[in-house]
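Q: If you read the sequence shown in the numbering used here, its first letter stands for residue 1, the second for the next number, and so on. Note that the Cβ used here is the ideal one computed from N, Cα and C, for glycine as well.
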Amino acid sequence: MICITCPGFSVHGGIRIILEWANRLPDAVILNTSKSTALPDWFDNRVPITKNVAILKQCDVLIIASPHGINLEHHRWAPKKVFIFLQMMEHIFKDSEPWLRQCMKFYKSPNPMILGSHWNYQWCKDFGRTAATYYVGNGVNLNDFPIVEKKHNDKTILIEGWESYNPAKDVDNLGPVVGGRLKSDGYRILAYSQFALKTYPEIPDEYYQKPDLQTLNSLYERATILVKATKYDARALAPMEGMTKGTVTARAIVHGDDDLINDVTALRCAYDEESLYQTSRRLLDDHELRGQLSENCLEYVQKFNWDYYMKQVMEIIEGHPNAQMTRI
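1. Classify K51 as buried or exposed, calling it buried when 16 or more other Cβ atoms lie within 10 Å of its own Cβ.
2. Taking Cβ positions, are K155 and Y187 nearer each other than 8 Å?
3. Report the partner residues of A238 according to the DSSP bridge assignment.
4. Contact between the segment 258–278 and the segment 149–169: three or more CB pairs below 8 Å?
5. Got a sec, what are the start and stop residues for the beta strand (DSSP E) M113 sits in?
6. At which residue ranges does the segment 216–288 contain complete beta strand (DSSP E) runs of 3 or more residues, listed in the order of the chain?
7. Using DSSP's beta-bridge definition, name the partner residues of V177.
8. With distance defined between alpha-carbon atoms, name the residue in V148, K105 and Y309 nearest to R222.
9. Are the beta-carbon atoms of A229 and Y207 separated by less than 8 Å?
10. Which whole-angstrom value describes the C-beta separation of F85 and I63, a residue pair presumed to lie in contact below a C-beta threshold of 8 Å?
11. So, under 8 Å CB-CB, W77 and K57 are touching, yes? Tell me the CB distance rounded to an integer number of Å.
12. Relative to the C-alpha of D263, which residue among E315, W99, V313 and L283 is closest?
13. May I have a chain-ordered list of the beta strand (DSSP E) segments no shorter than 3 residues that lie completely inside the segment 139–207?
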């Protein structure tokens, strides 16, 4: 049995990736959380959830999926096989010395690590990590986000992450500000995030807090392009969900989102207002470019799917990753 730690089930984001792993690994899996075991309403979870760490006595493998669970690394009941699953440099999220120490213990664990972002690896290395580290990406749940190929309209902008909630996100409100400029250009602005609308409430024509799957799919399908700005992310989640509809992203970022390959599956730019505005306009105005990137997006999410990545994860767990895998 494989035990995967999970800090909680409140946010559709990195938590979804943990749940995708848990529900797709071919071995028996149990989720261990230190918070509520209530099932998320945005995911059809099929594996048991427990707060009881004694479950470790029944497990052959432990996957620690966030710094919250790093105390289990050397627990007396921990199995011999322990892996670190790093999704993001989480010390960025809050200014706390105890949290920083916990994160550093997570980053520098002597156990093998699986991660999905080159800059995350580089930061771990800079912090002193020397143990085995493997690069594995994320897929998209094509049951929750089915492929839809259709012509997009030319006048609708979707902005994801409108309300910023930690220092890694869009703390300078580039998305809303650029949204305002695009609205002045005549575009309809759709937006969503995890929180109630407070920032520039006059700009969005439609705003959704914690949209359900049906709403998310509708938003991605309606959008001409997706606009997203954050300082740091590991891998794209919303932009890859949008790819299932052929919706291309204009992305302002400092580090992250390896799946968003400039001029292939997205247009990327520096994290500043003018760059994001001009990148968005280029994507909107160049219909031929947008059409080609849209085709690339549809191909990408179908090729680099969960089956593709979970095979790699199992090879790492079983101790014989193939020659095509990246050990960094």
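A: The structure says:
1. Position 51 of the sequence shown, counted from the start, is the residue given in the question as residue 51. Under this definition K51 is an exposed residue.
2. Here the question's residue 155 lines up with position 155 in the sequence shown. Here the question's residue 187 lines up with position 187 in the sequence shown. Between K155 and Y187, the CB-CB gap stays under 8 Å.
3. Taking the first residue of the sequence shown as 1, we reach residue 238 at position 238. For A238, which the question treats as bridged, DSSP gives no partner whatsoever.
4. Counting Cβ pairs under 8 Å, fewer than three are found: no touch.
5. Stepping through the sequence shown from its first residue, residue 113 is reached at position 113. For M113, the uninterrupted beta strand (DSSP E) run begins and ends at M113 to L115, by DSSP.
6. Here the runs fully enclosed are 225–229, 248–252 and 266–269.
7. Mapped onto the sequence shown, residue 177 falls at position 177. Beta-bridge pairing links V177 to no other residue.
8. Taking the first residue of the sequence shown as 1, we reach residue 222 at position 222. Minimum Cα distance to R222 is reached at V148.
9. The residue given as residue 229 occupies position 229 in the sequence shown. The residue given as residue 207 occupies position 207 in the sequence shown. At the C-beta level, A229 and Y207 stay beyond 8 Å of one another.
10. What you label residue 85 is simply residue 85 of the sequence shown in a count that begins at 1. What you label residue 63 is simply residue 63 of the sequence shown in a count that begins at 1. The Cβ separation is near 5 Å, so the contact holds.
11. Here residue 77 is taken as the residue at index 77 of the sequence shown, counted from 1. Here residue 57 is taken as the residue at index 57 of the sequence shown, counted from 1. Contact between W77 and K57 holds, since their C-beta atoms are separated by about 5 Å, short of 8 Å.
12. Locating residue 263 in the sequence shown gives position 263, where the first residue counts as 1. The closest CA to that of D263, considering only E315, W99, V313 and L283, is found on L283.
13. Fully contained in the segment 139–207 are the following beta strand (DSSP E) runs of length 3 or more, in chain order: 156–160 and 188–193.
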